[in-house]
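Here is the structure we will look at, set down as structure tokens.
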Amino acid sequence: MRIHLLMMDDKAFCKDEILSISDTIHIIAACYEMMGQIESREFRMLRSAMNVLLECSQAGFIWKREWAITIDNAIGICSEHWNKIPSNIFTKAVADLHEVRMALA
4 MRIHLLMMDD
14 KAFCKDEILS
24 ISDTIHIIAA
34 CYEMMGQIES
44 REFRMLRSAM
54 NVLLECSQAG
64 FIWKREWAIT
74 IDNAIGICSE
84 HWNKIPSNIF
94 TKAVADLHEV
104 RMALA
């Protein structure tokens, strides 16, 4: 998925790709927030990626290549740091996302 997003053409429809990574980015960002690391470089990069995800969804999931590096950085943070998050915090972040989804359903 990571390479696919980097290689995606401008104006390509990307709903499946964005939806497949959005939960992970949101969960890891929530973990950083719960750990009080909102001033960290990683959280700021995840926040930027969440802004891109929002912008992309508001644009009808039409891809802009300029987003690629921001999303790639966020995927990198998620893949390199998820196992450093205490399990109770990770579990809470997943449960919180599930609760939001249930409330919206």
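Residues in the sequence shown are numbered consecutively from 4, following the working numbering. We put the beta carbon where it would ideally sit given N, CA and C, even for glycine. Please read all numbers here as calculations on a predicted model, not as lab measurements.
query: Once you ignore the five residues that flank K18 on each side, which residues in its own chain have a CB closer than 6 Å to its CB?; result: F64
query: So, does the region 69-89 touch the region 43-50, judging by three or more C-beta pairs under 8 Å?; result: yes
query: Assuming A71 contacts L22 under a Cβ cut-off of 8 Å, what Cβ separation, rounded to an integer in Å, is found between them?; result: The Cβ separation is near 17 Å, so there is no contact.
query: Determine the DSSP secondary structure at I78, reduced to helix, strand or coil.; result: helix
query: Taking the alpha-carbon of C59 as reference, which of L107, H7 and A15 has the nearest alpha-carbon?; result: A15
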